[in-house]
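Taking my numbering as reference, the numbering of the sequence shown is continuous, increasing by one, and the terminal residue is 149.
Every residue gets a Cβ at the ideal spot worked out from N, C-alpha and C, and that includes glycine.
All figures in this text were calculated on a predicted structure; none of them were measured in a lab.
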Amino acid sequence: KPLPAGHRVKEAKPLFRKIEANEEELQAMLERVRMRSEKVSFEEFSRMDLRIGKIVKAERVEGSKNLLRLLIDIGEENPRQAVAGIAKYYKPEELEGKLVAVIANLEPKKIFGIESQVMILAAEDEETIAILQPERQVKIGSKIR
């Protein structure tokens, strides 16, 4: 039922207490969260299918500032599609033809409405993202051990 015009609402009280923290404390908390990781067994790790793939096509995802759509050849009949949040760090044309490390057996996931079938591996710090690439030329589809 709508309230009548001019109805006065009581002052609301916060549901949660405000947390006061300075910038240094916040950065320290974020760093602790970043550095903490669960241990996985060797068996769990060995279930991941890590391979070398070649980016055969790269393009920006329409409507997104951060995402690129990549087609990656991992030695199968057809290239697989990946959606990666690296558009701030890489132009599509500089990625085409590059060899990259990928996880090939993740369940597909829709990102921005596009199915991502593999995940490229990258290192990240506060300033940049760097995709992982083999030091030497290796065959497309090579297993990473």
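So, helix, strand or coil for residue i, using DSSP?
| i | result |
| --- | --- |
| R38 | helix |
| E27 | helix |
| A108 | coil |
| S146 | coil |
| M52 | coil |
| A32 | helix |
| L19 | coil |
| L7 | coil |
Pick out whichever of the options has its Cα sitting closest to the Cα of residue i.
| i | options | result |
| --- | --- | --- |
| A86 | Y93, E98 and G117 | G117 |
| L72 | I59, A127, K147 and G89 | G89 |
| D53 | Q121, K43 and P6 | Q121 |
| Q141 | A127, V104, I124 and I115 | V104 |
| K92 | E27, P83 and T132 | T132 |
| A126 | S41, P6, P8 and Y94 | Y94 |
Could you give the residue range of the beta strand (DSSP E) that holds residue i?
| i | result |
| --- | --- |
| S120 | I118 to S120 |
| K114 | K113 to I115 |
| E128 | A126 to E128 |
| A134 | I133 to I135 |
Is there a Cβ from chain C that is less than 7 Å from the Cβ of residue i?
| i | result |
| --- | --- |
| Q85 | Judged by its chain identifiers, the structure shown contains no chain C, having just a single protein chain. |
Those runs of the beta strand (DSSP E) which lie wholly inside the stretch 62–95 and span at least 3 residues: 72–77 and 84–88
Stretch-stretch touch, CB-based, cutoff 8 Å, three pairs: the stretch 98–113 with the stretch 6–23: no
Evaluate the contact criterion for the stretch 57–69 versus the stretch 31–46: three or more CB pairs, one atom per stretch, below 8 Å. no
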